[in-house]
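As you go down the protein sequences, you meet chains A and B in turn. Take any residue in the first sequence, count from 1 to its spot, add 146: that is its number in the numbering used here. Take any residue in the second sequence, count from 1 to its spot, add 146: that is its number in the numbering used here. Worksheet for the structure shown next.
There are 2 protein chains.
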Amino acid sequence: MRGPEVPEVVVVRLPLYVRALTTMLTEGLEVVSSQQLGSRLLMTPAQIRKDLSYFGRFGKQGRGYNVRFLLQELRRILALDIEWRACLVGVGRLGRAIINYPGFAPEAFNIVAAFDHDEEQVGTKVGDILVRSMSELPSTVESLGISIGIVAVPATQAQRVIEHLVANGVRGILNYAPVAPKVPEGTVIRNIDPVLSLQSMTFYLRESLQTTPA
Amino acid sequence: MRGPEVPEVVVVRLPLYVRALTTMLTEGLEVVSSQQLGSRLLMTPAQIRKDLSYFGRFGKQGRGYNVRFLLQELRRILALDIEWRACLVGVGRLGRAIINYPGFAPEAFNIVAAFDHDEEQVGTKVGDILVRSMSELPSTVESLGISIGIVAVPATQAQRVIEHLVANGVRGILNYAPVAPKVPEGTVIRNIDPVLSLQSMTFYLRESLQTTPA
DNA sequence: TAATGTGAAAACCTTCACAGCT
DNA sequence: AGCTGTGAAGGTTTTCACATTA
Chain A
147 MRGPEVPEVV
157 VVRLPLYVRA
167 LTTMLTEGLE
177 VVSSQQLGSR
187 LLMTPAQIRK
197 DLSYFGRFGK
207 QGRGYNVRFL
217 LQELRRILAL
227 DIEWRACLVG
237 VGRLGRAIIN
247 YPGFAPEAFN
257 IVAAFDHDEE
267 QVGTKVGDIL
277 VRSMSELPST
287 VESLGISIGI
297 VAVPATQAQR
307 VIEHLVANGV
317 RGILNYAPVA
327 PKVPEGTVIR
337 NIDPVLSLQS
347 MTFYLRESLQ
357 TTPA
Chain B
147 MRGPEVPEVV
157 VVRLPLYVRA
167 LTTMLTEGLE
177 VVSSQQLGSR
187 LLMTPAQIRK
197 DLSYFGRFGK
207 QGRGYNVRFL
217 LQELRRILAL
227 DIEWRACLVG
237 VGRLGRAIIN
247 YPGFAPEAFN
257 IVAAFDHDEE
267 QVGTKVGDIL
277 VRSMSELPST
287 VESLGISIGI
297 VAVPATQAQR
307 VIEHLVANGV
317 RGILNYAPVA
327 PKVPEGTVIR
337 NIDPVLSLQS
347 MTFYLRESLQ
357 TTPA
């Protein structure tokens, strides 16, 4: 009963295309070939064409892709043409930095509520977001139409908090805690974990440290 | 002249094992099977065994892996048994949050210097790190033995800054700017980009929004 | 008995190469 | 002439399944 099942790797690349096309549009480019897009993103033209082919036929043979049109189509496919509401859980240093991060809003990701376990924090404001008690989470998620939860609590609490979010209807989790939480089928989780990134980087750096033999 | 070439996907998974094993060690677990490790990480036991087999034979048949020994071996393989020095470029809101992030130091990633283009910032301190002028970058990288650069500058400047770091001998880049910079062969880059993560998440959330038909 | 380590098979993803359209 | 869209080929990664060993 499913569609032709798009590989997840492909879905993960679409935002890269969106970003590159957005830049190209501001540069005044009207038409782009898979070749040009590929050289900007360091990818093969074939991969770009194949990726797009999972969703439809967006180009013109002999010509390329209309930048504005392709961008619009990709934004529709990724559901970036609607506003997404997120809540933040955990208003410590990291949580505050996330609320103040200016990169989300321009992409139509709006943090509309914040929660913290610590009753000292409840009632204060971070930026212009009111910090609420965890007990208000269910009703707030419901009334504000929140579908994404951003988790910035200590590692030990992340699993519990995520389960709480999911139990209250939040289907997307952006997790900043350094753990790999389990989520039920139908929930989408993305982990932001700079330490893991560094820990795989050093595997390759190690080799270059040992170069320059006598 | 190369070794048996370990796939990058495998290297990227090793830190997950390190983290899980570290937790297990604190829980007092002495021996672990690929089965147990897999159920904690939601991976198949076969994948874990195959991954480890690229690097050697660490287990005992019929028994499993000694937690302490496997952890030690993995940390050695990833070069996590030495101290790594990093510098931060860009001391805006994001950069300040990164310096204050308490997750790096316990893993032996130390931010030992910070740079900013803005001469107003130069000479001030963020936490206990002195903000230096960009012109001091070459000598500082050299004298402090910095091998990792953390980039938290605006998107428009990221490529330039990264080239500057690489030109001065920095081989590892942790990039927080929302761009996919090009780096020369032999340089390792990892991008931290929460917006990209959200933009691929919404593809899957879209479907669940449209459920519940009449 | 219980679990590793590993060739072989299966699944998955990328690249090729070209028919077909503009 | 130029570039897309796509089956088929090629390559990579995962999983299977079992010989082996504690």
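Don't be surprised by glycine CBs; every beta carbon is placed ideally from N, CA and C. Keep in mind it's a predicted model, so treat the numbers as computed, not measured.
Residue i burial status per 10 Å Cβ neighbour count (16 or more: buried)
{"i": "Ala323(B)", "result": "buried"}
{"i": "Glu154(A)", "result": "exposed"}
{"i": "Thr333(A)", "result": "buried"}
{"i": "Pro161(B)", "result": "buried"}
{"i": "Glu253(B)", "result": "buried"}
{"i": "Asp197(A)", "result": "buried"}
{"i": "Ser343(B)", "result": "buried"}
{"i": "Arg222(B)", "result": "exposed"}
{"i": "Ala301(B)", "result": "exposed"}
{"i": "Gly202(A)", "result": "exposed"}
{"i": "Ile228(B)", "result": "exposed"}
{"i": "Ala225(A)", "result": "buried"}
{"i": "Ala251(A)", "result": "exposed"}
{"i": "Ser285(B)", "result": "exposed"}
Distance between residue j and residue i (C-alpha atoms, nearest Å)
{"i": "Arg195(B)", "j": "Pro191(A)", "result": "36 angstroms"}
{"i": "Gly210(A)", "j": "Phe261(B)", "result": "42 angstroms"}
{"i": "Val235(B)", "j": "Gln207(A)", "result": "44 angstroms"}
{"i": "Leu187(B)", "j": "Ala166(B)", "result": "8 angstroms"}
{"i": "Leu216(A)", "j": "Phe204(A)", "result": "6 angstroms"}
{"i": "Ile296(B)", "j": "Ile338(B)", "result": "10 angstroms"}
{"i": "Arg256(B)", "j": "Asn246(A)", "result": "Here residue 256(B) is Asn; the residue named in the question, Arg, does not match the sequence. If I take the Cα positions, the gap works out to 25 angstroms."}
{"i": "Val178(B)", "j": "Ala326(A)", "result": "18 angstroms"}
{"i": "Asp274(B)", "j": "Thr270(A)", "result": "28 angstroms"}
{"i": "Ala304(B)", "j": "Arg336(B)", "result": "13 angstroms"}
{"i": "Ile308(B)", "j": "Ile319(B)", "result": "7 angstroms"}
{"i": "Leu171(B)", "j": "Asn314(A)", "result": "34 angstroms"}
{"i": "Val395(B)", "j": "Arg306(B)", "result": "The requested residue 395(B) does not occur in the structure, where chain B is confined to residues 147 to 360."}
{"i": "Val341(A)", "j": "Gly249(B)", "result": "7 angstroms"}
{"i": "Tyr163(A)", "j": "Gln345(B)", "result": "11 angstroms"}
{"i": "Cys233(A)", "j": "Arg239(A)", "result": "16 angstroms"}
{"i": "Val272(A)", "j": "Glu288(A)", "result": "22 angstroms"}
{"i": "His310(A)", "j": "Met189(B)", "result": "24 angstroms"}
{"i": "His263(B)", "j": "Met347(A)", "result": "26 angstroms"}
{"i": "Gln218(B)", "j": "Arg352(A)", "result": "16 angstroms"}
{"i": "Lys328(B)", "j": "Gly291(A)", "result": "39 angstroms"}
{"i": "Leu276(A)", "j": "Gly174(B)", "result": "41 angstroms"}
{"i": "Pro330(B)", "j": "Gly241(B)", "result": "24 angstroms"}
{"i": "Val157(B)", "j": "Tyr200(B)", "result": "10 angstroms"}
{"i": "Gly184(B)", "j": "Val213(A)", "result": "44 angstroms"}
{"i": "Thr372(B)", "j": "Phe349(A)", "result": "The question about residue 372(B) has no answer here: the residues shown for chain B are numbered 147 through 360."}
{"i": "Ser180(A)", "j": "Arg159(A)", "result": "14 angstroms"}
{"i": "Ala259(B)", "j": "Glu265(A)", "result": "36 angstroms"}
{"i": "Val152(A)", "j": "Ile244(A)", "result": "31 angstroms"}
{"i": "Gln182(B)", "j": "Leu220(B)", "result": "17 angstroms"}
{"i": "Glu176(A)", "j": "Leu283(A)", "result": "46 angstroms"}
Counterpart residues of residue i in DSSP-defined beta bridges
{"i": "Lys206(A)", "result": "Gly210(A)"}
{"i": "Phe261(B)", "result": "Val235(B) and Arg278(B)"}
{"i": "Phe255(B)", "result": "Trp230(B)"}
{"i": "Val177(B)", "result": "Asn212(B)"}
CB-CB length for residue i against residue j, believed under 8 angstroms
{"i": "Trp230(A)", "j": "Ser281(A)", "result": "Contact doesn't hold; Cβ gap of about 24 angstroms is too wide."}
{"i": "Ser354(A)", "j": "Arg317(B)", "result": "5 angstroms"}
{"i": "Gln267(A)", "j": "Val237(A)", "result": "5 angstroms"}
Whole runs of the beta strand (DSSP E) within the stretch 272-339 of chain A, excluding any shorter than 3 residues: Counting only unbroken stretches of 3 or more residues, the beta strand (DSSP E) elements lying wholly within the stretch 272-339 of chain A are 275-279, 294-297, 318-321 and 334-337, in sequence order.
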